[in-house]
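In this note's numbering, the protein residues as written are 1294 to 1343.
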């Protein structure tokens, strides 16, 4: 795979993590897990952007 393909895959994974994070943050029991997934998505997006 080319480096551009890896970057696109990283952005796809990051966006999926953001979507799942927003879903999990709607309930008090799963909000902490949602925050962690959102942070992981942001970290992946930052690494892919650099």
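Where a beta carbon is used, it is the ideal one built from N, C-alpha and C, also for glycine.
Owing to the predicted nature of the structure, the values given are computational and were not obtained by experimental measurement.
### Task
Evaluate contact between the segment 1298-1316 and the segment 1336-1343, counting only Cβ atoms and requiring at least three cross-stretch pairs below 8 Å.
At 8 Å Cβ cutoff, the stretches touch.
### Query
Out of curiosity, what's the CA-to-CA distance linking residue 1296 and residue 1311?
C-alpha separation (whole angstroms): 23 Å.
#### Entry: Closest Cα partner of residue 1333 within the set 1323, 1299, 1300, 1313
1313
### Message
Given a cut-off of 8 Å on the beta-carbon distance, is the pair residue 1318 and residue 1328 in contact?
### Response
Yes.
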